[in-house]
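Right, one structure below, let's go through it.
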Amino acid sequence: MGNYAVIGYPISHTLSPLIHNANFEAKGTDDNYTALSVHPNHLLHIRDLIATKELSGFNVTIPHKEAIISYLDAVDEDAQKIGAVNTVSVDGDILTGHNTDITGYMHAFLDAFGQAARRVLIIGAGGAAKAVHRAHANNGDDVTIAARRMESFEQFKADDFKPMLISDITGAEEFDAIINATPVGMKGEDLLKEMDIPETLVSGSAVGVDLIYKPQKTKFLEYFPDGHYMNGMPMLVHQAMDAYGIWTGEKGDYEAVNKKYEDYIGGKS
Ligand code: NAP
Numbered sequence: 086m087g088n089y090a091v092i093g094y095p096i097s098h099t100l101s102p103l104i105h106n107a108n109f110e111a112k113g114t115d116d117n118y119t120a121l122s123v124h125p126n127h128l129l130h131i132r133d134l135i136a137t138k139e140l141s142g143f144n145v146t147i148p149h150k151e152a153i154i155s156y157l158d159a160v161d162e163d164a165q166k167i168g169a170v171n172t173v174s175v176d177g178d179i180l181t182g183h184n185t186d187i188t189g190y191m192h193a194f195l196d197a198f199g200q201a202a203r204r205v206l207i208i209g210a211g212g213a214a215k216a217v218h219r220a221h222a223n224n225g226d227d228v229t230i231a232a233r234r235m236e237s238f239e240q241f242k243a244d245d246f247k248p249m250l251i252s253d254i255t256g257a258e259e260f261d262a263i264i265n266a267t268p269v270g271m272k273g274e275d276l277l278k279e280m281d282i283p284e285t286l287v288s289g290s291a292v293g294v295d296l297i298y299k300p301q302k303t304k305f306l307e308y309f310p311d312g313h314y315m316n317g318m319p320m321l322v323h324q325a326m327d328a329y330g331i332w333t334g335e336k337g338d339y340e341a342v343n344k345k346y347e348d349y350i351g352g353k354s
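In this text, residue positions in the sequence shown follow this note's numbering: the first is 86, and each later residue adds one.
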């Protein structure tokens, strides 16, 4: 039996236990996954926590994704490139950091839209934007990132993208994929109206991605025709399945987890 967890602060909102435990159930293992509240002042005791809870691996969420790195023995190349870890493997005393937001996002994107190289616009320049940028840059795509402040780009370790201000988007630019990596839309806001972005930006054949999964269809996604948009849920499930793969060497049951989540939001479980 393996014990797994997500650490964060606060942690009560997390869907990770639902997702991972659904996967364990589908795989027929007696592994378990819990949410652990770890105050930032206590992150330095992470090895004691691993020992006490007998963790075989764990996920890391806000606000620890960057700070955890100084407590690890190794960090994989992509996680290093964005300076953030969301998955840690525990091999005896050796702790290794990974970032499955990058791989999970790309799995989701490729499943939905296929492999073709694309001109990509990412709106927002926070933690999720860094993972999405890394994923598309690794895929050979041409990436532009739009932020509301140019200072946001000082936080990026990589420079293989074009930076711009959201306020400079004219709507005449041509992109094949447009990704909302901000929280704007969670409360029913219309991203384009909120940011004063002309609708012509989304009127061509571009696909739209919103990293938000609640609501399932934001106003931003309503600008795109059926089959041309994706919400944040496939990324969330794939990042968890990729973490499971890192911990166990096995493939997670994406379909079973997705079904569990749909039942959950439908109020059936
Ligand atoms: P974050 O690090 O706080 O970054 C948010 C970004 O959005 C920042 O660049 C921020 O700009 C920008 N922003 C916020 N409000 C804005 C506004 N009104 N106008 C313009 N820009 C605005 O957050 P994050 O972790 O990147 O998360 C972003 C979104 O992705 C959230 O909705 C989160 O739930 C979602 N997410 C989904 C998944 C998934 O698996 N589906 C994974 C991670 C994140 P400033 O820096 O200027 O404030």
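Even for Gly, the Cβ is constructed at its ideal location relative to N, Cα and C.
Residue i - partner residues in DSSP beta bridges
i	result
D295	N265
L206	T229 and I263
G182	V160 and V173
P148	In the DSSP output, where bridge partners are listed per residue, P148 has none listed.
Y314	G293
F143	A90 and V173
Straight-line gap, residue i to residue j (C-alpha atoms, nearest Å)
i	j	result
H299	L277	First, the amino acid is wrong: residue 299 is Lys here, not His. Roughly 18 Å separates the two Cα atoms.
L100	I254	34 Å
P319	I179	30 Å
P95	H323	23 Å
A222	A193	15 Å
G343	P248	Residue identity differs from the one stated: residue 343 is Asn in this sequence, not Gly. The straight-line gap from Cα to Cα measures roughly 35 Å.
A197	R233	28 Å
I207	E347	27 Å
I251	G209	8 Å
L121	K345	22 Å
G273	D311	20 Å
I282	E258	11 Å
Y339	S237	34 Å
E279	T267	12 Å
D289	M235	This sequence places Gly at residue 289; Asp is not what is there. Each residue's alpha carbon lies about 27 Å from the other.
Other residues of its chain near residue i: CB distance less than 6 Å, five sequence neighbours each side excluded
i	result
V131	Looking at the sequence itself, residue 131 is Ile, so the reference to Val does not match. Excluding positions up to five away in sequence, the list reads Y156.
H183	D161, A164, T172 and I331
Y118	Y89, P102, H105 and N106
D226	A202, R203 and V205
G64	Not covered by the structure: residue 64. The range shown for the chain is 86 to 354.
D356	With the chain represented from 86 up to 354, any question about residue 356 goes unanswered, as that position is not in the structure.
G142	Y89, S174, V175 and W332
D275	K304
Where the alpha helix (DSSP H) containing residue i begins and where it ends
i	result
G93	No alpha helix (DSSP H) contains G93, which is instead part of the beta strand (DSSP E) from N88 to G93.
R234	Neither: R234 is in no alpha helix (DSSP H) and is coded neither H nor E.
L128	Element bounds for L128: n/a, residue is neither H nor E.
I350	Y339 to I350
G212	G212 to N223
I104	S101 to K112
K278	L276 to M280
Start-to-end residues for the beta strand (DSSP E) that takes in residue i
i	result
T119	N117 to S122
M249	K247 to L250
Beta-carbon proximity list for residue i, same chain, < 7 Å, skipping 5 on both sides
i	result
G113	none
G212	K150 and A169
G189	M320, H323, Q324 and D327
K336	G330
K215	I167, A169 and F241
I230	I207, A210, A214, H218, F246 and P248
E139	N88
A291	F260, D261, A262 and I263
D115	M86
Any non-hydrogen atom of the ligand SAM within 7 Å of residue i CB
i	result
V269	Inclusion of the ligand SAM in the displayed structure is not the case, the ligand content consisting of the ligand NAP alone.
Own chain, CB closer than 8 Å to residue i, minus 5 neighbours either side, in chain order
i	result
I297	N265, P268, G270, M271, T303, N316 and G317
Practice task
Decide yes or no for the touch test of the region 101-116 against the region 318-338: beta carbon pairs closer than 8 Å, at least 3 of them.
Solution key: Touching, yes, given that three or more Cβ pairs across the two stretches are closer than 8 Å.
Exercise for the section: Determine contact between the region 138-157 and the region 119-129, defined as no fewer than three beta-carbon pairs at a distance below 8 Å. Expected result: Contact holds between the region 138-157 and the region 119-129, because three or more Cβ pairs, one in each stretch, are under 8 Å apart.
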